[in-house]
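To convert, note that position 220 of the sequence shown is 220 in the UniProt record's numbering; the numbers rise steadily by one, no gaps.
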Amino acid sequence: MTAGKRGKMEHQRIRQLDGLRGLAALAVVVSHCANAGLIPEIFGKGFGKMGVALFFALSGLLMGRLYLDRPFTGRDIWGFAISRIARVLPLYYVVLLLGLIFGLSFDGAPEGLSWGSAALDSALLWRGNGVLWSVPVEMQFYLAFLALWCIVRLLHLSFVQVVLCALTAQALWIAEGGHELLRDWGETLPLWIHLFLFGLLLSRIPDHSRARLSRALDHGLPPATGFFLVALLPLALPELRRQVGLPVMHNAIDPISVGVPVALLFLAFIESRGLGWLASRPLRTLGALSFGVYLVHLPILSLIQRTALVEVSPALAALAVAVLSVLIAAGLHVLVERPAQRAIKGAAQRAPTPCTGNCPAP
1 MTAGKRGKME HQRIRQLDGL RGLAALAVVV SHCANAGLIP EIFGKGFGKM
51 GVALFFALSG LLMGRLYLDR PFTGRDIWGF AISRIARVLP LYYVVLLLGL
101 IFGLSFDGAP EGLSWGSAAL DSALLWRGNG VLWSVPVEMQ FYLAFLALWC
151 IVRLLHLSFV QVVLCALTAQ ALWIAEGGHE LLRDWGETLP LWIHLFLFGL
201 LLSRIPDHSR ARLSRALDHG LPPATGFFLV ALLPLALPEL RRQVGLPVMH
251 NAIDPISVGV PVALLFLAFI ESRGLGWLAS RPLRTLGALS FGVYLVHLPI
301 LSLIQRTALV EVSPALAALA VAVLSVLIAA GLHVLVERPA QRAIKGAAQR
351 APTPCTGNCP AP
């Protein structure tokens, strides 16, 4: 692929993906409000992790589109590392610190996140407490992605074959009960890595093929298909399936809990006409704020639960959680995320860039 074509792929923004990110954040907020008893419980107990699964698959898709076609050089590795650090860590550490200072809860527990081993694990990105669990998993995926990028670019191995081998190894590990050994450890990358890998596989679909797939699918399906798929989401709710007696596995390996997010990602990626509403400004705005919403909504929920609003109207309390989460995330986006990203990237540009290959002699 030429540099021009690569640049076109990297900078072509797919608006439906922005909206889908907002939808994923909304699913997480709704799920935790349900777990807190503010809305019907069928929207909790696993629905939020379907949103997280969507975040993970989206991350794999974007990493593949942005980096897999680049050479694996010191300059490109440096750019990747700085971009990921600037995108994730500033807001993560600010929210973690505020939660510790004010005793806010990241898991819905009244006592909040204490200055103990859980906080240290979260700070070191070893494993996260409560809703923070996904951030260490995400950062660990970035390290795994570097290894995959290296294997594909330097060893000239087939990307698809490498990913299929990784998926097979994970499936065998789960089939042998390997994931049970990590039960006490909580959510881990080995248990969720297939979502990232599914996204990476989707990233290899060229733009012209995406357009062809979209036309073929839209020709064979009515325009309302996207709405119909989202309307069917309640049937995928883990708690609803439990209540009607259907088997439900761990979210990471449940076929429906994994399949629905991946199917939605595929349709949004090819820009299916049926999901065109995902490109609406409200959802894209929510998508831009999704990381902040994800990080702050549980502390806000913890505070709202201590007010009289919960007794007056649980549904109104849930709405307050959602609205305040968006407003505070917007403030953090302006005051923390964007300035920190500019500062980190600016400092990185002024620093000596690592090189590989023909480096100048000292």
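Every residue gets a Cβ at the ideal spot worked out from N, C-alpha and C, and that includes glycine.
Only a predicted model underlies this, so the values are computations on that prediction, with no experimental measurement involved.
- For Arg242, the enclosing alpha helix (DSSP H) covers residues 238-243.
- Apart from the 5 residues on each side of it in sequence, Pro136 sits with its Cβ closer than 7 Å to the Cβ of Leu125, Trp126, Arg127, Gly128 in its chain, given in chain order.
- Excluding five sequence positions before and after Leu289, the CB atoms of its chain that fall closer than 7 Å to its own CB belong to Val326, Ala329, Ala330, His333, given in chain order.
- The three-state secondary structure of Gln349, taken from DSSP, is helix.
- Leu191 is the residue among Leu246, Leu283, Leu191 whose C-alpha sits nearest the C-alpha of Ala175.
- For the options Asp254, Ile344, Leu146, the alpha carbon positioned closest to that of Asp69 is the one of Leu146.
- In this structure, His219 is the residue among Val258, Gly245, His219 with its C-alpha nearest to the C-alpha of Gly274.
- Sequence-distant partners of Leu148 (beyond 5 residues in either direction) whose C-beta falls short of 7 Å from its own C-beta, in its chain, are Val162.
- Counting along the chain, Val323 sits inside the alpha helix (DSSP H) bounded by residues 314-332.
- Under the 10 Å beta carbon count, Cys33 is surrounded by 16 or more other beta carbons and is classified as buried.
- Contact annotation: Pro238 and Phe47 have beta-carbon atoms nearer than 9 Å.
- With at least 16 other beta carbons inside 10 angstroms of its own, Leu264 counts as buried.
- Setting aside the 5 residues that flank it on each side, Ile253 is surrounded in the same chain by Ile174, His179, Leu191, each with a C-beta closer than 8 Å to its C-beta; the list follows chain order.
- The three-state secondary structure of Phe198, taken from DSSP, is helix.
- Looking at the backbone, the Cα of Leu202 and that of Leu23 are separated by about 19 Å.
- Assignment of Leu283 by DSSP, reduced to helix, strand and coil, places it in the helix class.
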